[in-house]
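For reference, the structure is listed below as structure tokens.
There are 2 protein chains.
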Amino acid sequence: MSKKVINAALLGLGTVGTGVYKVLRQQRDEMEQKIGAVVEIKKILVRNLKKAAAKIDDPSVLTNNWKEIVEDDSIDLVIEVMGGIEPARTWILEAFQAGKHVVTANKDLVASYGSELLDSAAEYRRDFLFEASVAGGIPIIRPLKQCLAGNHISEVMGIVNGTTNFILTKMTQEGMEFAEALALATKLGYAEADPTADIQGLDAGRKMAIMASIAFNSRVTFQDVSTEGITQISSKDIRYAKELGCVIKLLGVARNTDTGIEVRVQPMLIPDTHPLATVNDSFNAVFVHGDAVDDAMFYGRGAGELPTASAIVGDVFDIVRNILADATGRIGCTCYKQLPIKDPDDMESRFFLRLHVDDRPGVLASIASVLGNNNVSIAQMIQKQKDGDLAEIVVVTSGVREGDFNDAMLIIEGMNVVHKVSSVIRVYGE
Amino acid sequence: MSKKVINAALLGLGTVGTGVYKVLRQQRDEMEQKIGAVVEIKKILVRNLKKAAAKIDDPSVLTNNWKEIVEDDSIDLVIEVMGGIEPARTWILEAFQAGKHVVTANKDLVASYGSELLDSAAEYRRDFLFEASVAGGIPIIRPLKQCLAGNHISEVMGIVNGTTNFILTKMTQEGMEFAEALALATKLGYAEADPTADIQGLDAGRKMAIMASIAFNSRVTFQDVSTEGITQISSKDIRYAKELGCVIKLLGVARNTDTGIEVRVQPMLIPDTHPLATVNDSFNAVFVHGDAVDDAMFYGRGAGELPTASAIVGDVFDIVRNILADATGRIGCTCYKQLPIKDPDDMESRFFLRLHVDDRPGVLASIASVLGNNNVSIAQMIQKQKDGDLAEIVVVTSGVREGDFNDAMLIIEGMNVVHKVSSVIRVYGE
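Sequence order for the protein chains is A and B. Throughout the first sequence, residue numbering follows the UniProt record's numbering, covering 1 to 430 in sequence. Throughout the second sequence, residue numbering follows the UniProt record's numbering, covering 1 to 430 in sequence.
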């Protein structure tokens with residue numbers, strides 16, 4: 001009996017590309033029994049042929065010419081692990097046109113152009129899968145699209161960036177300041193040379209856009225996500241959070257409310273009894289709340305060579321099964337609604353607020369009155385130790401409209417008795 | 001455009017059946033956009049027509065005659081939520097023969113007859129899905145078969161029985177004894193009138209057999225699982241475990257080792273820093289270790305009307321998508337290996353051992369020597385407080401062959417100085 005072979009091309013041979021190459025090799029002996037065919041990497045597109053040759057068994061598969069791949073009719077599927085918007089976007093569109101299926105790990109691309117790419121895939125009845133673009137090795141897209149399809153999902157939230165979670169863990173467990181923890185993350189390879197996308201919450205924002213789109217069946221793009229990074233968090237904030245029974249995590253929170261979808265990535269205080277509070281180091285975890293399943297959580301490695309490759313190869317195997325069943329394009333875009341995106345001013349949040357103020361009678365009352373006049377109700381107000389001549393006060397609000405809170409803060413920042421607004425951090429929950 | 005309808009029949013209208021009915025109704029308005037067709041419950045098989053009529057909108061769909069369902073060619077799929085081996089087994093086989101797809105939540109059946117049923121489904125190219133049979137609403141079977149298909153999975157372990165987890169949580173957090181906690185579980189509806197299958201670990205054993213089969217691609221049946229319940233666990237054991245930095249959980253542990261598959265359900269001490277240690281009350285969680293993904297965890301409600309229905313409706317929607325893509329039977333049985341099952345005596349375990357012995361010199365030494373002579377090495381030996389005239393000692397062993405440990409225990413039980421072997425509990429980990 002002749003062996004059924006599915007030919008694939010790999011675009012990129014960096015960390016993730018190398019991982020995919022390795023995992024496919026690890027599966028070589030059982031693929032045929034497991035999925036009915038053998039996946040062979042026929043071409044690998046790289047920039048530097050010489051450098052790439054050192055990484056693989058058979059350098060003859062290397063090319064630096066996209067045409068050699070897209071024009072090769074024996075190649076059934078393309079695995080895009082280059083990253084970046086272009087040329088990835090154009091090449092994926094060309095791949096669909098040429099009748100090829102595509103697997104990608106490219107969150108930047110899916111978060112901004114997912115709709116265009118899924119439409120194109122549907123037009124040519126090809127598969128376009130991107131499990132690896134969210135939370136690395138953790139299965140989350142297929143569970144949302146299939147296992148939990150019987151739910152109206154009202155919330156998806158979690159820790160979806162390993163770099164910032166590593167930094168916050170070090171700040172919490174070892175009392176480091178942000179700069180020191182970032183330096184350690186860089187040294188250990190958890191942070192990239194330019195860490196902006198991670199520490200500013202952009203990377204997490206892209207993942208939240210993708211998950212919100214799938215969970216709520218309505219397109220959410222990266223532009224719709226409110227993002228705030230962790231660069232302003234101090235070890236003092238973390239200590240005060242601890243006194244309140246909380247830890248500080250960079251949380252992605254997507255909610256489907258009656259007045260629209262809200263998606264945000266912000267550092268937040270979360271009770272230390274919440275399962276996410278113990279998700280530490282570079283681990284990721286995603287919480288899902290649905291009307292049938294109630295709470296479910298998915299936990300694992302959000303990045304890394306082999307965990308990311310695990311998700312990619314899962315997608316590749318699914319496409320092979322679709323090809324063999326003649327069922328490609330079986331599950332396409334599931335964004336059949338057009339729900340409004342809520343104005344960030346209309347989102348409701350609780351806030352942790354730390355201020356340095358004049359240490360004299362009446363100051364607390366005047367701040368409380370500004371908050372009250374702007375519909376910001378106070379859940380807790382604590383006078384902390386003196387800081388030189390100044391008093392340090394901490395305010396925790398109830399759930400308030402962000403626009404109202406911002407109005408109040410404009411006034412508070414301008415008050416003579418207020419020397420410094422030292423921290424404004426959201427608090428997760430109602 | 002005419003609406004595409006897929007007709008389903010529900011076998012059983014107990015807790016889970018009612019849940020499926022509700023969830024399908026909750027999804028009615030969006031099903032067509034989501035999956036391309038509307039699922040309608042055309043028949044519901046019940047024993048008591050009158051009692052069932054009170055539970056649903058349209059009692060005309062009720063029947064107590066299986067023939068009316070199996071002989072109705074307009075019914076595409078059967079949802080079996082009656083439980084028990086017969087007549088469920090025979091009817092599912094007849095459903096395949098009649099060209100119908102089947103979704104079940106029946107772990108007893110899948111754990112013992114999964115192979116026969118999957119073979120029959122394959123013969124007629126029908127789908128047979130059973131996500132709800134393991135860990136209720138938590139997606140685990142589809143993640144194992146698809147998302148993590150690029151892995152060699154070496155271990156699947158977790159808390160897969162909510163009743164016992166509730167009981168152990170109460171014993172741990174509130175110092176209750178087993179009988180008291182069981183009574184509370186019964187009162188709150190977490191335990192059935194006859195709790196045997198739960199508290200003896202049989203229910204968890206069935207789920208572990210199903211998960212091990214899928215994770216290791218080799219058939220494991222319920223008969224292959226070593227099970228032990230939690231009826232012998234005392235609050236004293238839990239207190240001593242706490243002193244050792246551990247909690248006691250009923251764990252299902254399946255391992256694929258070089259010398260065979262081992263699957264067991266046993267109460268075990270697990271370090272309180274392990275993510276499973278904080279899975280409390282009736283929640284379930286499953287840990288998976290794969291060579292690519294590393295550690296992943298799936299957490300949620302392991303039982304209950306709507307969470308279980310969530311898993312069933314996810315399966316139903318998947319079958320609808322297969323029907324529309326003409327790809328039914330797309331993923332069938334994945335047990336393509338025939339790995340040996342390890343003899344329980346050859347499994348390796350660590351043990352926590354509590355003994356009441358004569359309070360005089362030389363006793364510890366004589367027990368230590370019996371253990372040592374049988375290749376049982378001691379990691380920790382602690383003399384606890386006196387209990388009347390007797391001394392209480394606690395021994396924690398290193399990893400030892402269970403057969404060797406049992407030999408040692410036979411001798412220890414026969415020693416004159418040993419008055420009672422009060423507890424023998426395994427310790428998770430190497």
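In this text, a Cβ means the ideal position worked out from N, Cα and C, and glycines have one as well.
Residues bridged to Q383 of chain A by DSSP? A:I393
Locate the beta strand (DSSP E) running through R219 of chain A, then write down its first and last residues. Neither: R219 of chain A is in no beta strand (DSSP E) and is coded neither H nor E.
7 Å Cβ cutoff, C335 of chain B in contact with chain A: no
Which same chain residues end up closer than 8 Å to G429 of chain A when comparing Cβ atoms and leaving out the 5 residues on each side of it in sequence? I270, P271 and R350
Hey, which unbroken runs of the alpha helix (DSSP H) at 4 residues or more fall wholly within the segment 102–172 of chain A? 107–123
Anything in chain A within Cβ reach of A325 of chain B, meaning under 9 Å, just list it in chain order. N322, A325, D326, A327, T328, G329, R330 and I331
Under 7 Å between the Cβ atoms of V81 of chain B and A98 of chain B? no
Please tell me whether P275 of chain B and V293 of chain A are closer than 7 Å, where the distance is taken between their beta carbons. no
How is the alpha helix (DSSP H) around P307 of chain B delimited, first residue to last? E305 to L324
Output the boundary residues of the beta strand (DSSP E) element that contains K50 of chain B. That residue, K50 of chain B, is in no beta strand (DSSP E); its alpha helix (DSSP H) goes L49 to A53.
Who are the Cβ neighbours of R321 of chain A in its own chain at under 6 Å, not counting the five residues just before and after it? I35
Who are the near neighbours of D318 of chain B in its chain, counting only those whose CB is closer than 7 Å to its CB and skipping five residues on each side? L129
Among A:R219, A:P361, A:A368 and A:R360, which has the Cα closest to the Cα of P340 of chain A? A:R219
Count the C-beta pairs between the segment 362–380 of chain A and the segment 393–412 of chain A that are closer than 8 Å, then say yes if the count reaches three, no if not. yes
Beta-carbon neighbours of D76 of chain A, restricted to chain B and to distances below 8 Å: Correct list: empty, because the minimum Cβ distance to chain B is about 17 Å.
Report yes or no: is there a C-beta of chain A within less than 7 Å of the C-beta of M31 of chain B? no
Cβ neighbour criterion (16 or more within 10 Å) applied to Y336 of chain B: exposed
Would you tell me roughly how many angstroms separate the C-alpha atoms of V38 of chain B and K22 of chain B, rounded to the nearest one? 15 Å
Any beta carbon from chain B within less than 7 Å of A296 of chain A's own beta carbon? yes
Check whether the Cβ of P271 of chain B lies closer than 7 Å to any Cβ atom in chain A. no
Sorry if obvious, but does the Cβ on A277 of chain B come closer than 6 Å to a heavy atom of the ligand ZN? Among the components modelled here there is no ligand, and therefore nothing to report on the ligand ZN.
Is the Cβ-Cβ distance between N284 of chain B and V160 of chain B less than 7 Å? yes
Using DSSP with H/G/I as helix, E/B as strand and the rest coil, what is M1 of chain B? Model confidence at M1 of chain B stands at a pLDDT of 44, short of 50, so the residue's coordinates are unreliable; what they give is reported in the following sentence. Here M1 of chain B sits in coil by DSSP.
Using a cut-off of 7 Å between C-beta atoms, extract the partners of D291 of chain A located in chain B. Q26
Alpha helix (DSSP H) runs contained entirely in the segment 324–377 of chain A, provided each spans 4 or more residues: 363–373
Looking only at C-alpha atoms, which of B:D76, B:L13, B:G19 and B:D295 sits nearest to A52 of chain B? B:L13
Own chain, CB closer than 6 Å to D295 of chain B, minus 5 neighbours either side, in chain order: H289
Residues, ordered as in the chain, of the segment 122–147 of chain A that lie near chain B by beta-carbon distance below 7 Å: E131, G137, I138, P139, R142, P143, Q146 and C147
By DSSP, does T231 of chain A sit in helix, in strand, or in coil? coil
At which residues does the beta strand (DSSP E) containing E80 of chain B begin and terminate? I75 to E80
Find the residues of chain B that neighbour D318 of chain A, judging by a C-beta separation of less than 7 Å, and give them in chain order. Q146
If you check the beta carbons only, do S310 of chain A and G158 of chain A fall under 7 Å apart? no
Endpoints, beta strand (DSSP E) assigned at residue 494 of chain B: The structure shown does not extend to residue 494 of chain B, since chain B spans only 1 to 430, so no value can be given for it.
The alpha helix (DSSP H) that contains V70 of chain B, what's its start and end? W66 to V70
In terms of alpha-carbon separation, which member of A:M381, A:H356 and A:R360 lies closest to D387 of chain A? A:H356
Under 7 Å between C-beta atoms of L109 of chain B and R126 of chain B: no
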